[in-house]
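Residue numbers (my numbering): 337 to 448. Ideal Cβ positions, reconstructed from N, Cα and C, are used throughout, including at glycine. Before any comments, here is the structure.
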Amino acid sequence: MDTRIRAASPSDREGLTHLVREFRDEHSLLIGGQGGCTLDEAAQEVARYLGRDDAGYFVAVDPTGLPVGFRRWERRDGFYFTRELYVVPEVRRQGVGGALIRHFERWLFENG
């Protein structure tokens with residue numbers, strides 16, 4: 337799939353909010369829960385991490401600019417961690433997740 341990976345910006349807030357909600361719902365069902373979170377809870381989570389120096393998101397967008405995946409990262413005690421990685425079901429197994437991983441690794445070499 338022809339996707340572009342970039343650091344998320346405030347203009348990605350709405351798209352990321354929907355992706356985070358989808359991620360939470362899917363994850364909850366996989367572990368036997370009843371569902372993940374509300375759209376408002378997802379929006380609060382995105383607001384908590386977007387634009388920080390010690391945490392943030394990378395977003396994968398399709399050729400039309402539609403967000404199709406994200407990677408949330410965090411720096412703690414000098415170490416960088418992937419906290420979440422999600423790709424919408426429609427584009428899974430097309431290299432989007434791998435592209436998010438590689439982009440973060442390159443970003444770490446340049447900035448970490």
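Beta-carbon separation of residue i and residue j under 8 Å?
i	j	result
Thr-418	Arg-407	yes
Pro-403	Leu-355	yes
Val-397	Arg-340	yes
His-375	Ala-344	Reading the sequence as shown, one finds Leu at residue 375 and not His. Not a contact, by the Cβ cut-off of 8 Å.
Trp-409	Ala-383	no
Gly-405	Tyr-416	no
Ala-379	Thr-400	no
Gly-372	Arg-388	no
What's the call for residue i, buried or exposed, on a 16-neighbour Cβ count within 10 Å?
i	result
Gly-434	exposed
Kindly identify the DSSP beta-bridge partner or partners of residue i.
i	result
Phe-406	Val-395, Tyr-422
Glu-378	According to the sequence as given, residue 378 is Ala; it is not Glu. BP columns for Ala-378 are empty, so no partner.
Can you check which of these residues, the options, is closest to residue i by C-alpha distance?
i	options	result
Glu-362	Pro-425, Trp-443, Glu-377, Phe-415	Pro-425
Glu-381	Leu-365, Glu-446, Tyr-393	Tyr-393
Asp-338	Phe-440, Ser-364, Asn-447, Val-427	Val-427
Assuming residue i and residue j form a contact by the criterion Cβ under 8 Å, report the distance between their Cβ atoms to the nearest whole angstrom.
i	j	result
Arg-342	Val-395	6 Å
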